[in-house]
Structure formats: structure tokens, C-alpha cells
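For the sequence shown, the working numbering begins at 18 and goes up steadily by one. The beta-carbon is built from N, C-alpha and C at its ideal position, and this holds for glycine as well. Everything numeric in this text was worked out from a predicted model, so none of it was measured.
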Amino acid sequence: MKYLVLTIITFFALVGCKKKENEGQELVGSYETGIQNCNKIKKDNPNDFFATKDCLVGSRLPNFKTKTIDGKTIDNHMLEGKVSIINFWFTTCPPCVAEIPGFNEIVAKYGTEKLNFISVGKNKKIEIEKFLKKHPWAFSHIANEDGIIEKIFKIEFGYPTTYIVNKDGVIINSFSGGATGEQATKVIKEKIIPILEKEI
18 MKYLVLTIIT
28 FFALVGCKKK
38 ENEGQELVGS
48 YETGIQNCNK
58 IKKDNPNDFF
68 ATKDCLVGSR
78 LPNFKTKTID
88 GKTIDNHMLE
98 GKVSIINFWF
108 TTCPPCVAEI
118 PGFNEIVAKY
128 GTEKLNFISV
138 GKNKKIEIEK
148 FLKKHPWAFS
158 HIANEDGIIE
168 KIFKIEFGYP
178 TTYIVNKDGV
188 IINSFSGGAT
198 GEQATKVIKE
208 KIIPILEKEI
């Protein structure tokens with residue numbers, strides 16, 4: 018009996034140590050598991066738009082392979098080794114458009130040596146090209162020609178949605194919605210720059 022009690026105490030002590038070792042470490046799961054988590058949270062909180070704010074944090078980017086609107090092949094593995102900002106948007110979305118000057122300022126500040134800047138537009142290639150003539154945007158642009166948003170990323174959280182992904186391809190921050198007007202530039206910079214300062 019004495020040895021049994023000691024064994025039980027030792028077991029729980031080891032479990033406690035293991036728990037402390039894992040505290041603060043990033044939990045990495047598949048993107049599909051993250052989406053399932055988001056859907057469950059959304060179902061449990063139907064009236065709270067922001068309930069799913071962090072539901073994909075800790076998930077690895079899904080596997081994808083596509084081309085930018087200027088014909089360059091891009092996939093999730095090519096993004097690894099740099100921190101990535103991935104923005105989901107569409108051309109007639111006011112907060113999406115309002116964020117663009119802020120994104121351009123971030124690109125100008127940090128450059129592309131350590132960062133990937135990717136936009137995934139809900140529109141067709143021809144629509145995005147026409148839009149960019151009036152609204153220059155220093156990101157690499159992917160059109161939704163093959164349904165990459167619905168089939169691969171399964172975005173259902175509103176637009177704009179932005180992922181910040183670390184060098185290992187893991188989502189470390191995500192947020193949806195945004196400000197409109199001139200304040201949008203300030204808001205997007207306040208959300209993203211502190212994270213970049215820690216990661217690069």
C-alpha cells in the first residue's frame with residue numbers, strides 16, 4: 018500500500034511537471050481541425066461575431082498550390098522561412114479597401130526579405146487587375162478563380178480576414194472585420210506591427 022501511494026504521488030508529480038513544461042508552448046494542429054474548432058465555437062455562440070477570433074491560432078496553413086495574378090506559382094511550403102501576412106478580401110468591401118494604405122505602409126517599413134505579403138481576393142483575376150490599377154497594393158495577389166477561398170481556406174468569418182503566419186507555417190494571429198475611412202490605416206498597423214516586431 019505504501020509503494021502504491023508513492024507511485025501515485027510520483028505519477029501526478031510527473032504530470033504536473035509535464036504540464037508546466039508545455040505551458041506557453043504553441044500547440045500545432047491541422048488547418049482542418051482548426052476549422053472544425055471554429056465551426057463549433059460559432060455554433061455555440063451564434064450571436065457573437067468575434068467569438069471565433071482566435072479559433073485558428075495554432076493551426077498549420079492548409080496545403081495549397083496556385084498562381085498569383087501575374088502567373089507566379091505559389092504554395093504553402095514556399096511561404097515557410099518567412100513570416101507571412103495573408104489577407105482575404107474583395108473589391109467592393111469598404112473595410113477591405115480602407116486597409117490597403119496601411120498594408121502598403123507596412124510593406125514599405127519592413128520590405129520582403131523576411132516577410133511574405135499575400136492577398137487572396139474573392140474576385141476573378143480580371144476584376145482584381147482592374148481594381149489594382151486604381152488602388153495600388155504592394156502584395157502578391159491571388160484570385161479566387163479556382164475557389165481557393167471556399168475549398169481550401171474555407172473562410173466564413175467575414176471580410177476582410179487576415180492571418181499572420183510564423184516562419185514554420187503556423188497561424189499565430191488572425192482577425193476579421195476592420196475599420197473604414199482614414200482610421201483603417203492606423204488600426205491595421207496597430208494590429209500587425211507589434212506582432213511583426215516580435216517575430217522578425
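In this structure, the CA atom of Gly128 is about 12 angstroms from the CA atom of Ile102. A straight line joining the alpha-carbon of Ala68 with that of Lys59 spans about 7 angstroms.
Here the alpha carbon of Thr85 sits roughly 19 angstroms from the alpha carbon of Pro177. Contact between Glu162 and Lys131 does not hold, since the beta-carbon distance rounds to 29 angstroms and is not under 8 angstroms. Here Phe134 has Ile102, Val124, Phe156 as same chain residues with Cβ atoms under 6 angstroms from its own Cβ, once five neighbours each way along the sequence are excluded.
Here DSSP, grouped into helix, strand and coil, assigns Val45 to coil. By DSSP's assignment, Asn80 forms no beta bridge with any residue. For Ser47, the CB contacts under 7 angstroms within the same chain, skipping 5 residues up- and downstream, are Ser76, Arg77 in chain order. No residue range can be given for Phe107, since it is assigned to no beta strand (DSSP E) and is classified by DSSP as neither H nor E. Annotation: the continuous beta strand (DSSP E) that includes Asn190 extends over 188 to 193. Bridge partners of Ala160 according to DSSP: Gly138.
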